[in-house]
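Quick note: the sequence shown uses the UniProt record's numbering, first residue 1, plus one each step.
Just so it is clear, CB atoms sit at the ideal spot from N, CA and C, and this is done for glycine as well.
Working notes for the structure below.
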Amino acid sequence: MAFLLEEEDNREVLEAALSFVDEFGEAGRPLSPQDPRERNSTLASPAFRDNKASRQATKGDGNCVMLVSMGTRIGLETSADEKLRAFASNSRSSNWIFRLCRPGEVATQQRRQRSEAEGENVRLKLAVQRQQKMADDLKSLLQRKARQLSNECASLIANTSRNSIVNIVEVRGDLGDFQQLFRHLEAARQEVDAVFAANGLANMVATPSDIHIREGDDGKYLEAFSNKLLAFRLQAVTEALWSHFKSLEKHAGNGSLYQKAEKYIDESNTILEDFTMEMHSNTSRADIKVKQVIRRYVEADRDIIIWVSRVSPVEIKHRMLRGLTYHLRGHAIAKRSSASTPRNELSQLQFCSLISFDRETHTMYDHNSVGAALNFLLINTAQKMKVHQDRIENILVEQVLQNSLPYK
Numbered sequence: 001m002a003f004l005l006e007e008e009d010n011r012e013v014l015e016a017a018l019s020f021v022d023e024f025g026e027a028g029r030p031l032s033p034q035d036p037r038e039r040n041s042t043l044a045s046p047a048f049r050d051n052k053a054s055r056q057a058t059k060g061d062g063n064c065v066m067l068v069s070m071g072t073r074i075g076l077e078t079s080a081d082e083k084l085r086a087f088a089s090n091s092r093s094s095n096w097i098f099r100l101c102r103p104g105e106v107a108t109q110q111r112r113q114r115s116e117a118e119g120e121n122v123r124l125k126l127a128v129q130r131q132q133k134m135a136d137d138l139k140s141l142l143q144r145k146a147r148q149l150s151n152e153c154a155s156l157i158a159n160t161s162r163n164s165i166v167n168i169v170e171v172r173g174d175l176g177d178f179q180q181l182f183r184h185l186e187a188a189r190q191e192v193d194a195v196f197a198a199n200g201l202a203n204m205v206a207t208p209s210d211i212h213i214r215e216g217d218d219g220k221y222l223e224a225f226s227n228k229l230l231a232f233r234l235q236a237v238t239e240a241l242w243s244h245f246k247s248l249e250k251h252a253g254n255g256s257l258y259q260k261a262e263k264y265i266d267e268s269n270t271i272l273e274d275f276t277m278e279m280h281s282n283t284s285r286a287d288i289k290v291k292q293v294i295r296r297y298v299e300a301d302r303d304i305i306i307w308v309s310r311v312s313p314v315e316i317k318h319r320m321l322r323g324l325t326y327h328l329r330g331h332a333i334a335k336r337s338s339a340s341t342p343r344n345e346l347s348q349l350q351f352c353s354l355i356s357f358d359r360e361t362h363t364m365y366d367h368n369s370v371g372a373a374l375n376f377l378l379i380n381t382a383q384k385m386k387v388h389q390d391r392i393e394n395i396l397v398e399q400v401l402q403n404s405l406p407y408k
């Protein structure tokens, strides 16, 4: 249809058509200049009246046909226009239904959802693979570190077992080198109370510092001592103290043991030792050869352990110890503390070490060199004293933990 007419326009067209018909009837008469009588007689004649009636009927029928045709067309156009507007209105309201029912759009939406799901699966798979790779790398690193530590421990144990006891000193064979040490041991036992009274350990209960250092007569020796208050019974402390000095742990902490020969004399609680080791003092190193005697003295209210040593250099890595031979006298006392109560027994662990040189050393070297060497040895002795305290406390704590565990 070329154009559409609105309902108001249709009514106006119909009215114009009816008016045109009326005007057309009045304008159908001839306008020729005839005589009025002729015209009147003509019009009054029967033939003319019949022809006129026939022409008017014919014209009226044609006008009616034209009007009917025009009305029918207008009605059809109006009906078609109304149906078209109703269809357009319904189409706008239900357009979403048509879109949802289209198979092409549904398939496209399903393909898009499937593509998104596949992409998410790929992303999760890559994330899992990365996590698995990190876990595998960490596992390999831990296994490699464990193997390294195992090899180091195995080599350390092998060296310790190989070098800890190289030779056993015979009682009737090689004791000649220890005779002088036995004499120093007896002298140390006689002087222990005087030494502890001079440095204040005899009456000391608690101290703010573990290690104390003081200089002896004329600077010929240096003394390092310590006092530790322990919340353990005296019997446990004395057994832990002697257990520590019978083991190799007493050499640990500030040196590396190369080789060692020892003999234990059970009757007198005496240990003879002959060993070489590397001695550490801060960043300095020195290889030394040591002969040493250790003895335990058991008394009613205390245990005393005394060790005397003669140390000579083997391979000097620190210039201050070149050619120097020195003597070490060590004391360890475990006793019941005066701070104990009937319900809470406390113990005291006290150490004291004296370092001195041979008499000819003071004539061979000046005072500054001897003092520097003493400082080097004093640092080493203080470090070893701290190691003794820590290892003995560890023994006591382990015993308490073992006793507190329930038996199965």
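State the Cα-Cα distance for the pair residue i and residue j, rounded to the nearest angstrom.
i      : j      : result
Ile157 : Ala231 : Note that Ile157 scores 49 on pLDDT, short of 50, meaning its location in the model is unreliable; the coordinates nonetheless yield the value given after this. If you take the alpha carbons of Ile157 and Ala231, they lie about 33 Å apart.
Gly330 : Gln190 : 13 Å
Gln129 : Gly119 : 15 Å
Pro313 : Lys139 : 47 Å
Val370 : Glu398 : 42 Å
Glu393 : Ala127 : 51 Å
Ala188 : Val311 : 17 Å
Gln350 : Asn368 : 31 Å
Ala135 : Ala146 : 16 Å
Gln348 : Asp137 : 51 Å
Gln110 : Gln143 : 49 Å
Val400 : Leu346 : 15 Å
Arg183 : Asp177 : 12 Å
Gln131 : Arg123 : 13 Å
Ala194 : Ser284 : 34 Å
Ser338 : Leu328 : 30 Å
Glu299 : Leu201 : 18 Å
Phe376 : Gln179 : 28 Å
Is the CB-CB distance between residue i and residue j below 8 Å?
i      : j      : result
Lys246 : Ile271 : yes
Leu241 : Lys335 : no
Ser309 : Glu278 : no
His388 : His280 : no
Asp301 : Thr325 : no
Phe225 : His212 : yes
Asn203 : Cys352 : no
Thr276 : Lys289 : yes
Within 10 angstroms of the Cβ of residue i, are there 16 or more other Cβ atoms? Answer buried if so, exposed if not.
i      : result
Thr341 : exposed
Ser115 : exposed
Asn403 : exposed
Val205 : exposed
Lys133 : exposed
Asn380 : buried
Lys291 : buried
Asn227 : buried
Val192 : buried
Arg112 : exposed
Arg343 : exposed
Asp390 : exposed
Ala117 : exposed
Gln332 : Note that residue 332 corresponds to Ala in the displayed sequence, not to Gln. Buried is the call here.
Who are the Cβ neighbours of residue i in its own chain at under 7 Å, not counting the five residues just before and after it?
i           : result
Tyr221      : Leu354, Ile355 and Ser356
Leu185      : Val293, Arg295, Ile306 and Val308
Asn269      : Arg295 and Arg296
residue 414 : The first residue shown for the chain is 1 and the last is 408, placing residue 414 beyond what the model contains.
Asn121      : none
Once the 5 residues before and after residue i are set aside, which same chain residues still bring their CB inside 8 Å of it?
i      : result
Leu396 : Leu230, Phe232, Ala236, Val237 and Ala240
Tyr258 : Asn163, Phe275, Thr276, Met277, Glu278 and Asp287
Thr108 : none
With a threshold of 6 Å on Cβ separation, who are the neighbours of residue i within its own chain once the five nearest residues in sequence on each side are excluded?
i      : result
Tyr297 : Ile304
Arg214 : Glu223
Cys64  : A caution first: Cys64 carries a pLDDT of 48, below 50, which makes its placement in the model too unreliable to give a value.
Glu267 : none
Leu181 : Val293 and Val308
Val251 : Residue identity differs from the one stated: residue 251 is His in this sequence, not Val. Closer than 6 Å at Cβ, skipping near neighbours: Leu257.
Where do the ends of the alpha helix (DSSP H) carrying residue i lie?
i      : result
Leu349 : Unbroken run through Leu349 is the beta strand (DSSP E), Ser347 to Phe357; no alpha helix (DSSP H).
Phe196 : Gln179 to Asn199
In terms of residue numbering, what span does the beta strand (DSSP E) encompassing residue i cover?
i      : result
Lys335 : Tyr326 to Arg336
His280 : Thr270 to Ser281
Glu239 : No beta strand (DSSP E) contains Glu239, which is instead part of the alpha helix (DSSP H) from Leu234 to Lys246.
Asn227 : Tyr221 to Leu230
Arg285 : Ser284 to Val298
Lys260 : Gly255 to Ile265
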